[in-house]
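Number 63 in the working numbering belongs to position 63 of the sequence shown; there are no gaps in the numbering. Ideal placement from N, C-alpha and C gives every residue a C-beta, glycine not left out. Values in this document were obtained by computation on a predicted structure and should not be read as measured data.
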Amino acid sequence: MANKVFRENILQGKVAFVTGGGTGITGGVARALSKAGAKVAITSRKTENLEPMKKTIEDGGGECFAVASDVRDYEAVESAIAATIDHFGKIDIVVNGAAGNFLCKASELSANGFGTVVDIDTKGTFNVCRASYEELKKNGGQIINISATLHYLATPMQIHVSAAKAGVDAITRNLAVEWGRKGIRVNGIAPGPIEDTEGMKRLLPPQLKEALTRKIPLQRFGLIEDIENSAVFLASDGASYINGVTLVVDGGHWLTGTGLG
Ligand code: HXC
């Protein structure tokens, strides 16, 4: 099991803006940033996906601002960022977690299906980075882009997400170089198979779970808490010389290839 390794309040005084922050892995990240002392704004397309996490964060003693926006729509992103700055006074940390996914063979995927996932994951990540640039520059802020390991080799039925996440990794490296000079750190996290997530529900038929577990060198699925710990670390001053890295948090899974054998 994952251990809690970070002291309370390590992010005291910080404000985080988390896309896809209502549910799943990025919901966990939002909650963890709050537990570490940050005020947290969460955004996703639907307000109903945000309200339960807002309540969870507030019940835990944190401050949360929920604002609906679609990361594909640059003006909506600009408004959500402006509303967050109005509400909390600033933004120091941006987490790009909004993502689309479904299984589909390349030969059956429509151009719009491919484009929709690239628009959410890649263009959405750019939009949020670009729209928050001036604010992050003011505050010596930083960005964490949630990626994947699917594109390190090749993952059948995931051509759209693989292309989209390869683009996200390119954004992480490019901005680390261009914006590092402006005092903004830009990093990523590439989760492997994580328990209790929408992604796993969509991607892994239950009968394959045992075979996949055997294939993971650490012999277990990751927990959302594993990703939370990585995000809190990257967001903290403890990572102040880390820039342009996508931290793989997958128990060593991708090194064993894409098959289940
Ligand atoms: C084939 C599909 C499809 C499917 C949608 N499309 N679902 N094609 N198989 N199952 C196609 C549609 O036919 C359409 O193309 C196009 O995609 C857009 O679909 P819409 O429904 O109009 O789009 P929209 O509502 O904007 O978004 C759809 C969505 C989204 C992208 C599927 O609902 C979504 O992904 N939700 C899941 C959110 C989620 O689980 N996020 C976590 C991701 S996990 P046509 O040509 O028909 O118009 C993750 C981790 C990966 O990323 C790593 C794991 C190890």
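{"Query": "Name the DSSP beta bridge partners of residue 142, please?", "Result": "93, 185"}
{"Query": "Who are the near neighbours of residue 66 in its chain, counting only those whose CB is closer than 6 Å to its CB and skipping five residues on each side?", "Result": "42, 50, 54"}
{"Query": "Would you mind reading off the limits of the alpha helix (DSSP H) that contains residue 117?", "Result": "111-118"}
{"Query": "Could you tell me if residue 9 is buried or exposed, where buried requires 16 or more neighbouring beta carbons within 10 angstroms of its beta carbon?", "Result": "exposed"}
{"Query": "Can you tell me whether residue 275 is buried or exposed, with buried defined as 16 or more other CB within 10 angstroms of its CB?", "Result": "With the chain covering 1 to 261 only, the question about residue 275 has no answer from this structure."}
{"Query": "For residue 249, which residues from the same chain have a beta carbon less than 8 Å from its beta carbon, with the 5 sequence-adjacent residues on both sides left out?", "Result": "189, 190, 191, 192, 222, 226, 227, 230"}
{"Query": "If you draw a straight line from the C-alpha of residue 64 to the C-alpha of residue 107, how long is it?", "Result": "43 Å"}
{"Query": "Can you name, in chain order, every residue of its own chain whose Cβ lies under 8 Å from the Cβ of residue 37, other than the five neighbours on each side?", "Result": "8, 9, 10, 11, 12, 13, 14"}
{"Query": "Spatial neighbours of residue 166 within its chain, please: C-beta separation below 6 Å, excluding the five flanking residues on both sides.", "Result": "151"}
{"Query": "Would you give the residue range spanned by the alpha helix (DSSP H) that residue 30 belongs to?", "Result": "24-35"}
{"Query": "Among 125, 68, 28, whose alpha-carbon lies nearest the alpha-carbon of residue 174?", "Result": "125"}
{"Query": "Mind pulling the alpha helix (DSSP H) runs of 4 or more residues that sit fully within the stretch 214-243?", "Result": "224-235"}
{"Query": "Go ahead and pull the three-state DSSP assignment for residue 247.", "Result": "strand"}
{"Query": "Distance, Cα to Cα, residue 257 vs residue 153?", "Result": "7 Å"}
{"Query": "Below 8 Å between beta carbons: does that hold for residue 169 and residue 56?", "Result": "no"}
{"Query": "Just to confirm, does residue 210 get its C-beta within under 7 Å of one of the non-hydrogen atoms of the ligand HXC?", "Result": "no"}
{"Query": "Ends of the beta strand (DSSP E) at residue 19?", "Result": "15-19"}
{"Query": "Is the closest heavy atom of the ligand HXC to the C-beta of residue 112 under 7 Å?", "Result": "yes"}
{"Query": "Is any non-hydrogen atom of the ligand HXC found closer than 7 Å to the C-beta of residue 95, if you look at the structure I gave you?", "Result": "no"}
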